[in-house]
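First comes the structure, then the notes that go with it.
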Amino acid sequence: AQKVTQAQTEISVVEKEDVTLDCVYETRDTTYYLFWYKQPPSGELVFLIRRNSFDEQNEISGRYSWNFQKSTSSFNFTITASQVVDSAVYFCALRDNFNKFYFGSGTKLNVKP
Amino acid sequence: NAGVTQTPKFQVLKTGQSMTLQCAQDMNHNSMYWYRQDPGMGLRLIYYSASEGTTDKGEVPNGYNVSRLNKREFSLRLESAAPSQTSVYFCASVHGVRSSTNEKLFFGSGTQLSVL
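Chains as they are written, first to last, in our numbering: chain Z, 154 to 266; chain S, 4 to 119.
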């Protein structure tokens with residue numbers, strides 16, 4: 154069975170601080186895909202990144218960066234110099250070989266001015 | 004280009020009532036999904052459809068039925084609503100070609116359902 158764990162329920166930081174959101178997954182599939190989605194207070198779900206299991210390169214996009222480590226089954230997300238607009242719930246997800254997507258329970262990030 | 008459209012946006016039911024949540028996508032996607040979102044539980048997969056005429060159970064299918072009417076539409080039915088089904092429901096779709104670098108879930112805006 155597939156499982157995605159986001160142990161951090163809620164994190165509060167002050168603007169300009171760096172913050173890392175943890176994601177640990179379990180799967181027996183050799184090929185799988187990992188995702189991060191953002192859900193701002195307005196409620197919509199916004200795609201952030203997709204990573205396949207064969208690509209362990211870290212990725213940076215502006216203030217966002219992702220660290221994928223197969224050895225520890227982790228796909229962590231770091232926001233550098235956080236801003237109030239980063240306040241949201243962030244979900245990590247895994248897609249398996251059967252094209253089903255499994256989500257973690259989410260981490261609520263509060264960025265205070 | 005509307006993407007994924009869900010109706011209704013809000014609904015209040017009494018215990019035992021039935022209703023159908025509608026979902027349609029205009030992106031010619033093959034795969035469609037229904038999720039429910041509850042506080043502290045994240046998004047949990049209710050049902051999944053890989054293509055027209057096929058459906059498969061997800062993590063929490065009990066109390067729900069689905070219909071993949073055609074490639075565009077995937078409906079979720081509550082035959083006898085229970086308070087435990089109070090939740091926010093999201094429909095989503097994806098093209099279904101895993102090797103595509105653009106492969107990602109597109110979500111509807113959600114339906115907030117309260118069962119009293």
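We treat Cβ as the ideally placed atom computed from N, Cα and C, and that holds for glycine.
The residues T23, Q25, S70, in chain order, have a CB closer than 6 Å to that of S78(S) in the same chain once the five nearest residues on each side in sequence are set aside. Here the segment 215–228 of chain Z does not lie against the segment 254–266 of chain Z, with fewer than 3 beta-carbon pairs under 8 Å apart. A direct Cα-to-Cα measurement between K74(S) and T57(S) gives close to 10 Å. Assigned with DSSP and collapsed to three states, V15(S) falls in strand. Straight across, the Cα-Cα distance linking V118(S) with P11(S) is about 15 Å. Per DSSP, C245(Z) is one residue of the beta strand (DSSP E) stretching across 241–248. With a cutoff of 7 Å on beta-carbon distance, F188(Z) and A246(Z) are scored as near each other. Interface flag for N229(Z) against chain S is unset, since no Cβ pair is found closer than 7 Å. Spanning the alpha carbons of F93(S) and M30(S) requires a straight line of approximately 17 Å.
By a beta-carbon distance limit of 8 Å, G111(S) contacts T8(S). Their separation comes to about 6 Å.
Close partners of L24(S) in chain Z (Cβ separation under 7 Å) are lacking, with about 16 Å as the shortest Cβ gap. Spanning the alpha carbons of K191(Z) and V199(Z) requires a straight line of approximately 5 Å.
Close to M44(S), with beta-carbon spacing below 9 Å, are these residues of chain Z in chain order: S258, G259. Excluding the 5 residues flanking it on each side, H32(S) has same chain C-beta neighbours closer than 7 Å at S96, V97, H98, G99, in chain order.
Counting every other CB atom within 10 Å of its CB across the protein chains shown gives L108(S) a total of 16 or more, marking it as buried. Annotated three-state conformation of K223(Z) is helix, per DSSP. S258(Z) is not a Cβ neighbour of Q161(Z), given a cutoff of 7 Å. Taking the C-beta atoms as reference points, N252(Z) is found nearer than 7 Å to S34(S). The alpha helix (DSSP H) runs lying completely inside the segment 24–112 of chain S and spanning 4 residues or more number zero.
The residue from R80(S), Y67(S), Y38(S), K17(S) with its alpha-carbon nearest to that of L48(S) is Y38(S).
Within its own chain, the residues whose Cβ lies closer than 6 Å to the Cβ of K156(Z), once the five positions on either side in sequence are excluded, are E179, listed in chain order. Around the Cβ of L72(S), a 10 Å sphere holds fewer than 16 other Cβ atoms; the residue is exposed. In this model, F230(Z) and Q20(S) are separated by some 42 Å (Cα to Cα).
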